[in-house]
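This report concerns only the one structure given below.
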């Protein structure tokens with residue numbers, strides 16, 4: 055029995071690229087904030103969360119690409 059898909063392959067590619075872009079921008083902004091000398095503890099947590107979001111986004115985008123090419 056085949057289940058209903060939550061997202062289509064095009065939607066996975068779109069959401070994955072949005073998440074990867076948001077994650078990479080947050081990592082870049084946190085690195086810039088760390089070099090500017092701010093003592094805010096959020097600057098230490100933001101790169102980790104941005105990296106996780108970017109990794110999940112890239113993974114979802116690649117899965118969407120594989121589904122688009124009928125590899126899965």
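Residue numbers (the working numbering): 55 to 126.
Where is the CB? At the ideal position from N, CA and C, for every residue including glycine.
By the Cβ-count criterion, residue 120 is exposed, with fewer than 16 other Cβ atoms from all chains shown falling within 10 Å of its own Cβ. Taken through DSSP and simplified to helix, strand or coil, residue 78 comes out as helix. Of the residues assessed, residue 79 falls on the exposed side of the cut-off, its CB having fewer than 16 other CB atoms within 10 angstroms. In this structure, the beta-carbon distance from residue 115 to residue 74 falls below 8 angstroms. Counting of Cβ neighbours within 10 angstroms places residue 90 among the exposed residues, the total staying below 16.
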